[in-house]
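**Student:**
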């Protein structure tokens, strides 16, 4: 680079070819960086949009699953209560000593049935709470999407939070559903067992009754 040194002259700085090449390279890198940022933001925006759709679909599927589960649970409970009442009615025809033992057993069985009912109620409440949380997260994601270009880091944090929430939801629904189905299965097996016991006792009672009459 060369300089003019006159007292009243304006200082002139000459830029060589090397300096221009460096400047052009810097501008190109800056342009590429801006383009890459734009592509990243566009991609991130589309991903968040897809995420919002996924949340809506998940919330809808959860609602349908809960409705189906409620109907199935109600059906099972009605069947078990009907069978339970039928067994209680049959107990009345048994001898007093047998009736007392079976009444105690049926009372315990009734308690288990009530526990199953409470478990189903708790499941429904938990799912309702999770659905509410899903809606809240969906609103948060929408707000973040509006300001995504100003706060990418915040959006990533909310997305991570959403992923953790959906994972927790899936795990809790599966655990609650497995527990509920296992409880219903155990209850049905217990009722079937007591039904068989009552039938056996009735047969034994019929067999012993003629013998008792003969001795009289």
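Residue numbers (full-length UniProt numbering): 1 to 216. Heads up, the beta-carbon is just placed ideally off N, CA and C, and yes, glycines get one too. All of these numbers come straight from a predicted model, not from anything done at the bench.
Do you know whose CA, among 75, 127, 43, 109, lies nearest residue 175's CA?
**Tutor:** It is 127.
**Student:** Can you tell which of 185, 191, 65, 135 has its C-alpha closest to the C-alpha of residue 52?
**Tutor:** Nearest of 185, 191, 65, 135 to residue 52, Cα basis: 135.
**Student:** Shortest alpha-carbon distance to residue 139 belongs to which of 49, 79, 178, 205?
**Tutor:** Out of 49, 79, 178, 205, 49 has the C-alpha closest to the C-alpha of residue 139.
**Student:** State the CB to CB distance for the pair residue 184 and residue 116, rounded to an integer number of angstroms; the pair is presumed to be in contact (CB under 8 Å).
**Tutor:** Sure, about 6 Å apart at Cβ, within 8 Å.
**Student:** What is the rounded straight-line gap between the Cα of residue 72 and the Cα of residue 58?
**Tutor:** Each residue's alpha carbon lies about 21 Å from the other.
**Student:** Mind reading off the beta-carbon distance from residue 194 to residue 109? Whole number of angstroms is fine, and I expect it under 8 Å.
**Tutor:** Residue 194 to residue 109, Cβ: 7 Å. Contact.
**Student:** If you draw a straight line from the alpha carbon of residue 220 to that of residue 101, how long is it in whole angstroms?
**Tutor:** There is simply no residue 220 to check, as the chain begins at 1 and stops at 216 in what is shown.
**Student:** Of the residues 87, 189, 142, which one's Cα is nearest the Cα of residue 201?
**Tutor:** The shortest C-alpha separation from residue 201 is found at 87.
**Student:** Checking 8 Å against the spacing of the C-beta atoms, do residue 118 and residue 187 come in under that value?
**Tutor:** Contact: no.
**Student:** Quick check: the Cα distance between residue 85 and residue 205, rounded to an integer number of angstroms?
**Tutor:** The alpha-carbon atoms of residue 85 and residue 205 are separated by roughly 21 Å.
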